[in-house]
Structure formats: C-alpha cells, structure tokens
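One line per chain: the protein sequences are A and B, in this order.
Mapping to my numbering: the first sequence position 51 is 101, numbers consecutive.
Mapping to my numbering: the second sequence position 1 is 51, numbers consecutive.
Data block below; observations after.
2 protein chains.
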Amino acid sequence: KMSGNSNAQKYYIDEIFTAAANGDVEAITKGYNMLSISPDVTDKMGWTPLMCAARNGHVNVMGFLLQQGADPKHMNKSGQTALDVASFWNQTGSVNFLNGFLKPNKSPVMEVVHYFGFSALDRQSYQRSDENEMKKAMRMENAKYVVFADLQLLVSNDAVTGKSQNVVYLTWGEIEKYLSIVDHDLIFLGVGNIDKGLLVRETHHAQLNDSPYFAVNFKKVSRDDEFSPEKYNGSFTDKDNRRLMMMLQKNESGLVAQARSVLAWHERYNFCPTCGNETIMKDFGYKRLCISESCTTHKGAHNTSFPRTDPVVIILVASKDGSKCLLGRQSRFPRGMYSCIAGFMEPGESIEDAARREVFEESGVKVGQVEYHSSQPWPFPSNIMIGLIGRAVCDDINVDKVELEDARWFDKPEVAKAILEGFGRKEGLVVPPHTAIAHHLIKTWVQRNSNSNL
Amino acid sequence: KMSGNSNAQKYYIDEIFTAAANGDVEAITKGYNMLSISPDVTDKMGWTPLMCAARNGHVNVMGFLLQQGADPKHMNKSGQTALDVASFWNQTGSVNFLNGFLKPNKSPVMEVVHYFGFSALDRQSYQRSDENEMKKAMRMENAKYVVFADLQLLVSNDAVTGKSQNVVYLTWGEIEKYLSIVDHDLIFLGVGNIDKGLLVRETHHAQLNDSPYFAVNFKKVSRDDEFSPEKYNGSFTDKDNRRLMMMLQKNESGLVAQARSVLAWHERYNFCPTCGNETIMKDFGYKRLCISESCTTHKGAHNTSFPRTDPVVIILVASKDGSKCLLGRQSRFPRGMYSCIAGFMEPGESIEDAARREVFEESGVKVGQVEYHSSQPWPFPSNIMIGLIGRAVCDDINVDKVELEDARWFDKPEVAKAILEGFGRKEGLVVPPHTAIAHHLIKTWVQRNSNSNL
C-alpha cells in the first residue's frame with residue numbers, strides 16, 4: 051500500500067470522497083486498496099465518506115464502509131453524525147439503513163469501560179481468608195506491590211513531565227524491609243497480568259503464572275526518611291491534586307481505584323461504629339472486626355464489618371423538546387466548565403428516583419424518563435458513579451445556590467463543539483475530560499439523533 | 051354494555067376469538083362493544099385474541115387490539131407471547147409489526163417500580179437542617195408518624211389475618227406523650243400524600259396542604275408497657291420474620307424502606323468509626339456528627355457522617371445459546387425456590403464487573419454482556435439492589451458450596467410455568483414472589499423473544 055507520497059495520497063482521498071458521494075463502490079474500493087487510511091478519513095469540514103454516502107442515499111457504499119469499520123457515530127465539525135446528515139437531507143433509505151445498523155437485533159450492546167473501571171485482575175475473594183496461601187503469594191517472585199503514602203500513589207517520575215503515567219510496582223525484595231519499620235495497611239488486590247492490557251472479562255479470570263498484586267499504604271511516613279520514592283525513580287501524587295492519579299494508563303486505573311478505595315476505608319474505620327471499640331483488619335483488607343467480643347457486629351453478617359461503597363447518581367438531562375441539555379457548574383470547577391448533575395443516593399431510593407430528586411433539588415428542573423447508561427468506580431474515597439440519561443418534563447430552572455454556582459440549558463451544536471475542541475478549550479463551554487463519566491454521558495446525548503426519545 | 055348473561059357473553063367471546071383468527075376487524079369491534087372485558091381475555095390455553103391474530107398474520111386486528119390496550123407481553127400457558135407465536139408460525143408480517151410496536155422510536159421506556167421503590171414523598175432535603183421549621187412541621191395537625199420498635203414496624207391488625215397490609219400512622223397528639231418517656235430516634239421522611247397512590251415523579255413534588263411524614267424508632271420498649279400497639283389496633287412485625295413488611299400496600303412500601311434504612315443506620319452508628327467517640331444525630335436523621343471537635347470528620351465532607359447505602363448486584367444470566375437461565379439456591383430458601391445470583395459490590399468495581407465476578411465466584415459460569423434492567427431499594431438494612439440481565443460465554447457450572455446450595459440451568463418453558471403458577475407452587479421450580487426484583491428479571495427474560503440478544 052501507498053504511503054509517504056502526499057500528492058498521490060491526496061488524489062486517492064479525493065477519489066474516495068467523490069466515489070462515496072456518487073455511490074461508486076468500485077471506485078471507493080480501489081481508493082481504499084491504494085491507501086492505508088482509516089475508513090473515517092475526514093475532509094476539512096469533518097465529513098467522512100460515510101456521511102457523503104448517507105447524504106446522497108448510497109446504501110451500497112455505506113454497507114462497504116461500515117464493513118471496513120467506519121464509525122457511524124463519528125461527528126463532523128457541526129456535531130452531526132451520518133444519521134443526522136441523512137435525516138436533514140430527507141434520505142429515507144440512508145436513515146432506515148443506518149437505524150438498522152445502529153439498532154440491530156443480534157449485535158451485543160457495547161459496554162463503556164470508564165477510567166478507574168478497567169478491571170484487569172481476578173480478585174479471587176476466596177483466597178483472602180486463607181492466611182497461609184496469602185503469605186506464600188506475598189513472597190512470590192512475580193508478586194507486585196502498589197505503594198501509597200497517606201493514600202497518595204507512587205508513580206514513575208515521568209509524571210512530573212506531564213506525560214501519561216505509570217504505577218511503580220515494587221517486588222517482595224524491595225517492599226519487605228519497610229514492612230517491619232513503617233506503620234502500614236497491606237491488602238490483596240487479585241491475580242492477573244496488567245501489562246497484557248486485557249480486561250478480566252476478556253481473559254476470563256486468572257491464568258497460571260499470573261502475578262498476585264498487593265497494595266500497601268504507609269501511614270505518616272516522613273517522605274525522605276524510611277521510604278524514599280526517589281530510590282524507585284518515582285514520586286507520590288500530591289495530596290491536594292488528583293491530577294496525576296487521573297493520568298495513568300487506562301489499564302492501570304482500575305487497580306488503583308480498587309487499592310485506594312479499600313485502603314481509604316481502613317483509614318476511616320479504625321473504630322467500631324456500633325460500640326466504639328477498636329477494629330482490626332481481616333481477610334487481607336476486605337473485612338474489619340470489632341475487638342470487643344460482646345459487640346453485636348459479631349452476630350450474623352453486619353454491614354459495618356465490610357467496605358463501604360457509596361452510590362452516586364450522575365445524569366445528563368435533555369430538555370423537554372430534546373434539543374438542549376442541562377449542565378451545572380460548581381464554583382471549584384475550572385474556568386468555563388459545566389458538567390452533569392450528580393449527588394449521593396439516599397437510603398430507600400431507586401437509582402432513577404435519586405437522579406430525579408438530585409436534579410430537582412439542585413436545578414429546579416423536573417425529570418420524567420431516566421435511562422441507565424454505564425457506571426464508573428471513583429476512588430475519592432469509594433464511590434460508584436451511576437451514569438444516566440434523562441428527559442425533562444418541565445424545563446424551568448431554579449438553581450440551588452448552595453450546591454451549584456450556575457445551571458443552564460446548552461444546545462446541541464454548542465455542546466458538540468465543546469466535545470470536539472476538548473478539555474483545554476480556551477473560551478465558551480468546557481466539558482469534563484475523557485476520564486470522567488460525565489464526558490461520555492454528554493457525548494452519547496450529542497451523538498443520538500433526533501429520532502431518539504432521550 | 052352486557053354483563054351477567056353468561057350464555058350471551060360466551061357467544062361474543064367466541065365471536066371475538068374467531069374474528070381475531072380471521073382478521074375481521076368489524077366483527078371484533080362489535081364483540082368488544084357488546085362486552086365489558088379485557089382486551090386480553092384468554093381461552094382455556096391462555097391464548098389472547100392478539101395471539102390468534104398474530105398466528106394468522108392479521109396486522110389490522112393486532113392494531114385494533116393494541117389500541118384497546120392489549121398487552122403484547124401477555125403469555126399463554128406454554129409461556130409464549132404473541133411474538134413467540136408469530137415467530138413459530140413464520141408470520142413475518144406479524145413479527146415485524148410486533149417488533150415495531152415493542153421497540154418504537156418515540157415511546158418512553160417503561161420504568162419498573164419495584165416493591166420498596168414506590169417513592170411517593172418529596173424528601174425536601176433542604177428542610178432537614180432548619181430545626182425551627184421541622185419542629186413546626188412535627189406539630190402540624192396533618193403530620194403523620196410511622197412507628198417502629200427495635201426496627202419492627204407498627205402495622206394494622208389485619209396483618210395477622212394474612213391480608214394485604216397497612217401502616218398505622220399516629221398523629222402528633224398520639225405520639226407526643228411517648229417521646230419524653232421512651233428512648234427513641236425521630237427522623238423526617240418528607241412531604242406528600244400517600245393515600246393518593248401517586249409517585250412523586252407523577253405529582254412532581256409536594257403540594258400545599260400535603261402532610262409532613264416522620265418516623266420514630268422506640269428503643270428497647272417493653273411492648274406492653276409505655277407504648278402499647280393494641281391501643282392503635284396494631285401490632286409490631288416480628289423480629290425474625292420480614293413477611294409482614296413485605297405485605298404492605300405498594301404505595302406504602304417506599305416510605306417504610308426509607309424509614310427503616312435510615313433508622314437502622316442510627317442503630318449502628320452511635321460511635322465515630324474514625325476516632326471512636328460518640329456521635330449524635332443531626333439534620334433530622336440524615337447526618338451523624340462526632341462529638342469530638344478534634345476529629346478529622348469535621349474537616350470537609352466525610353462519608354462516615356452520612357447514611358450508608360450498600361449496592362448489591364443481582365443478575366439473571368442467560369445461557370450461551372439463550373435458551374436457558376441460571377438460577378441459584380441458598381439453603382435458607384423455601385422448598386423448591388431458586389433465584390438470581392446476587393452479591394455486594396466491592397470498592398473499585400463497575401456494576402457490570404461486579405455482576406460478572408459474583409456469578410463466576412458463586413457458580414463458575416463466565417458472563418460476557420451485561421445489561422441494566424432496574425433497581426430496588428431494600429431496607430434490610432440499607433441496600434440498593436441493582437438488577438441486571440447477562441449472557442454467559444461459558445456455561446460450565448461449578449458451585450461454590452459456601453455461598454450456594456445449588457445452581458442450575460432452567461429452560462424457558464419450565465421457568466414460564468413457574469412464573470404462571472406463582473410463588474405458592476407445590477412442586478417443581480418456584481421463583482421469588484412479585485415483591486422481589488429477581489421475579490421481574492426472570493419474567494423479563496422469559497418474555498423476551500428469540501430475536502433478543504439477551
């Protein structure tokens with residue numbers, strides 16, 4: 051295939067766009083055969099060949115392009131997908147074809163894997179209570195230790211340069227000497243192979259010879275004293291800045307979320323909430339036991355003995371007519387940034403009702419239909435963000451100034467522009483970065499066409 | 051309209067079934083005009099007129115019946131819906147028509163309101179910290195008090211007869227005298243009108259003149275002493291039996307879930323988990339504060355200060371080929387009963403990954419695609435059940451005998467029969483009752499047709 055010769059390349063790209071607009075499958079096949087380019091190559095308006103074909107009703111070309119892996123949800127610079135283009139130009143054949151492709155009967159629903167949600171380890175919960183096996187695993191040559199000090203993560207020094215980040219893993223040989231001299235919590239994470247970049251759902255659980263992973267949180271370590279991060283060409287993330295913990299490779303984010311959430315629980319649950327006596331860690335991090343034998347928490351399973359996970363609802367609300375979405379701004383947000391409405395669930399609520407309540411409390415907007423989108427673990431300290439998309443039944447805004455600085459309706463082209471220009475945008479609306487579930491909720495709404503109910 | 055004359059009625063019902071099978075819209079219209087019967091009237095095989103029309107491809111009759119409110123998800127005694135019947139008889143026109151009706155572009159997704167999830171009150175969280183307003187509300191004539199003793203609910207005496215149940219509400223005049231003599235927790239629930247039987251999403255929050263609702267939990271009350279339930283023609287539900295709390299009117303179940311969950315939290319969190327000192331209730335039930343001023347929980351928002359809600363995943367797993375579903379049995383279940391696999395989420399997990407992990411841990415079955423269905427609050431003590439439907443990628447069963455007594459694949463006709471025959475079934479598979487989210491997950495799977503991916 052051709053590469054490097056930019057004039058010839060430009061010629062064939064033009065041919066591809068022309069062929070797409072004309073419905074010439076033979077010519078478009080030839081164009082792609084000559085070049086090593088994405089099926090979603092764009093022109094200066096951000097149009098893809100799929101959009102050109104959809105604009106002119108050429109279902110044959112669309113079939114070819116989708117087979118090549120063209121993304122039907124790609125947006126042009128006006129925030130339109132191929133389906134939006136087809137609808138605008140009344141190309142019923144294209145609309146039906148794309149709808150059929152986007153909502154097939156048999157293809158699996160794509161599950162969004164969010165940052166902090168990349169689950170690469172088999173947690174092997176049955177191992178946790180087997181102290182002998184665990185102690186053996188700790189000493190294995192391929193055992194890996196993730197290190198925290200006061201819940202701040204040890205990352206490689208490239209972090210400082212602002213580049214994408216890696217966790218520093220220590221070996222048993224490196225970690226052992228500190229365990230006897232620095233006060234710490236040590237927990238088991240699971241077994242797997244982070245380097246493979248595969249989800250546990252893809253590997254279908256641990257393989258022989260995979261590494262056991264552990265996490266250690268050193269408490270009140272004086273940082274240039276016993277444990278010196280410099281020795282490992284690393285630094286601890288800053289207490290007041292979560293930025294570095296948000297710049298990890300995605301395949302390491304889930305491991306860090308698990309480790310930090312469980313370790314934060316041990317920081318906060320040194321005493322029994324039911325009787326006030328001390329508690330001790332059990333099961334390599336997944337249980338705490340009250341030392342008072344008369345405490346009622348010893349009878350039956352008692353939730354205070356197990357890690358706490360706080361469910362948070364986060365919702366993109368579309369306006370009554372579907373053309374706008376509701377975003378709110380907290381005063382601590384970066385300049386220009388607005389995000390989805392979010393809040394903690396309360397006892398005795400369904401997920402959908404919690405979302406309706408939060409939106410009403412914070413913005414005054416009344417929400418009807420609510421649909422689940424995806425979920426993201428959030429380790430500050432231990433939340434599960436439940437992402438939803440909803441539709442307003444009454445658009446009137448009445449902002450609760452204690453919770454929000456502002457809440458507004460934004461129209462689709464404006465939001466599409468904010469997504470395309472990214473988090474670093476200098477003026478106008480700024481939406482949260484890819485690492486936040488809010489980004490994906492907003493993007494999903496923008497990509498939905500006018501036929502969608504939400 | 052006709053009623054009481056059973057011979058004539060039988061004649062017109064026969065006419066309706068014949069007309070449906072023949073595609074005679076005029077005759078079927080006439081039949082329904084003569085009778086006051088459901089569009090889902092069934093014959094002795096459990097077939098509805100819609101099924102007869104679908105069987106023979108009469109889209110005109112199907113349109114008429116659906117317009118009359120016929121339920122396309124109704125099952126006959128073989129567990130088939132109209133769509134299943136149409137598919138079996140290769141009636142492509144009927145299949146397309148029903149698919150179009152079942153998956154329309156614009157109609158709202160129906161949200162399942164589960165037992166304990168009926169949210170009729172506007173919680174008015176902003177009121178909770180306003181002690182003066184709250185004290186005024188407590189003394190209002192239309193204020194209503196839900197009463198617990200040791201977390202057991204006061205219900206009307208009809209409970210004992212096994213009939214559907216009502217909460218006993220006390221007035222300020224009745225409750226006031228006990229508050230000074232019996233140790234108790236008192237919390238605010240919200241404002242609304244339970245009797246209306248409307249969800250807060252339907253009323254769109256409180257109306258003027260609606261009642262404020264409170265809940266009181268009397269601690270260690272000797273039951274025939276200060277507070278005597280007999281005075282109010284009521285009884286407390288039994289400590290070891292949740293049955294009566296599951297027999298409430300649906301519109302009262304959400305109020306009870308909210309009250310019991312929050313009150314149970316106060317039972318368990320009398321001490322600060324971070325420093326071990328005592329805590330006190332604030333904000334009429336929605337916060338606890340450590341009495342030690344030096345405690346770190348006073349700095350910033352600290353999750354230990356707020357009610358705990360534990361997320362639980364519960365999943366119906368379909369087999370790889372879609373024909374069977376996985377159900378498990380705990381030894382404490384009633385005879386014959388199997389249910390969906392469930393378990394607590396762990397920190398740092400997405401909802402979908404937690405479900406895959408639980409199924410693998412308890413049954414050895416490996417799950418691929420997972421789809422959200424609905425959620426149900428569960429007040430024992432304060433869970434949120436997150437209902438999912440998933441598809442196995444590997445069907446091999448390997449039961450964890452610590453967690454489950456048994457786990458098996460059940461085929462669709464068997465499960466359909468169990469649903470149709472109800473919870474009281476004497477032999478064969480028994481599925482959980484309507485009050486459990488598991489029932490609805492199982493039913494949804496049975497009702498899905500063979501074209502569905504899950």
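Cβ atoms here follow ideal geometry from the backbone N, Cα and C, with glycine treated the same way.
Determine the DSSP secondary structure at residue i, reduced to helix, strand or coil.
i, result
"Ser-373 (chain B)", "coil"
"Arg-407 (chain B)", "helix"
"Met-387 (chain A)", "strand"
"Gly-440 (chain A)", "strand"
"Lys-246 (chain B)", "helix"
"Trp-97 (chain B)", "coil"
"Ala-457 (chain B)", "strand"
"Asn-216 (chain A)", "coil"
"Arg-292 (chain A)", "coil"
"Tyr-336 (chain B)", "coil"
"Val-363 (chain B)", "strand"
"Ser-311 (chain B)", "helix"
"Val-449 (chain A)", "coil"
"Ile-341 (chain B)", "coil"
"Ile-401 (chain A)", "helix"
"Ser-157 (chain B)", "Low local confidence applies: a pLDDT of 38 at Ser-157 (chain B) is under 50, so the model's placement there is unreliable, with the coordinate-based value given in what follows. In the structure shown, Ser-157 (chain B) sits in coil (DSSP, three-state: anything other than H, G, I, E or B)."
"Phe-114 (chain B)", "helix"
"Ile-330 (chain A)", "strand"
"Arg-379 (chain B)", "strand"
"Lys-416 (chain B)", "strand"
Measure from the C-beta of residue i to each C-beta in chain B and report whether the shortest distance is under 9 angstroms.
i, result
"Tyr-219 (chain A)", "no"
"Ile-87 (chain A)", "no"
"Ser-432 (chain A)", "yes"
"Phe-277 (chain A)", "no"
"Phe-166 (chain A)", "yes"
"Pro-158 (chain A)", "With a pLDDT of 44 at Pro-158 (chain A), under the threshold of 50, the modelled position of this residue cannot be trusted, and the question is left open."
"Ser-373 (chain A)", "no"
Check whether chain A comes within 9 angstroms of residue i, counting only Cβ atoms and requiring the distance to be less than that.
i, result
"Ser-175 (chain B)", "yes"
"Ala-486 (chain B)", "no"
"Val-255 (chain B)", "Looking at the sequence shown, residue 255 (chain B) is not Val but His. Yes, its Cβ sits closer than 9 angstroms to a Cβ of chain A."
"Arg-498 (chain B)", "no"
"Tyr-195 (chain B)", "no"
"Gln-59 (chain B)", "no"
"Tyr-319 (chain B)", "yes"
According to the neighbour-count rule (16 or more other Cβ atoms, all chains shown, within 10 Å of its Cβ), is residue i buried or exposed?
i, result
"Phe-67 (chain A)", "buried"
"Phe-168 (chain B)", "buried"
"Lys-156 (chain B)", "Confidence in Lys-156 (chain B) is poor, its pLDDT being 38 and thus under 50, which makes the residue's placement too unreliable to answer from."
"Lys-194 (chain B)", "buried"
"Thr-359 (chain B)", "buried"
"Thr-347 (chain A)", "buried"
"Ser-303 (chain B)", "buried"
"Ala-170 (chain A)", "buried"
"Gln-257 (chain A)", "exposed"
"Ser-400 (chain B)", "buried"
"His-490 (chain A)", "buried"
"Met-387 (chain B)", "buried"
"Ile-341 (chain B)", "exposed"
"Leu-115 (chain B)", "buried"
"His-234 (chain B)", "buried"
"Ala-265 (chain A)", "buried"
"Arg-385 (chain A)", "exposed"
At the 9 angstroms Cβ level, is residue i part of the contact set with chain E, yes or no?
i, result
"Ala-71 (chain A)", "Absent here is chain E; the protein component of the structure consists of chains A and B."
| task | Give, in chain order, every residue of the region 442-466 of chain B whose Cβ lies closer than 9 angstroms to some Cβ of chain A. | result | Val-443, Cys-444, Asp-450, Val-452
| said: Please identify, using Cβ separations under 9 angstroms, the residues of the region 390-418 of chain A that lie next to chain B, in order along the chain. | reply: Phe-394, Met-395, Glu-396, Pro-397, Gly-398, Glu-399, Ser-400, Ile-401, Glu-402, Asp-403, Ala-404, Arg-406, Arg-407, Phe-410, Glu-411, Lys-416, Val-417, Gly-418
| field | Proximal residues, the region 357-369 of chain A versus chain B, C-beta separation under 8 angstroms | value | Pro-357, Arg-358, Thr-359, Asp-360, Pro-361
| query | Taking Cβ-Cβ distances below 7 angstroms as the criterion, which residues of the region 285-307 of chain A are in contact with chain B? | reply | So the close ones are Gly-304, Ala-307.
| request: List in chain order: all unbroken alpha helix (DSSP H) runs of 4+ residues lying wholly within the region 51-79 of chain B. | output: Runs of alpha helix (DSSP H) with 4 or more residues, each lying fully within the region 51-79 of chain B, are found at 56-72, listed in chain order.
| query | Which whole runs of the alpha helix (DSSP H) in the region 162-218 of chain B are 4 residues long or more, in chain order? | reply | 181-188
| Any residues in the region 228-251 of chain A with a beta carbon nearer than 7 angstroms to a beta carbon of chain B? Which ones, in chain order? | Arg-251
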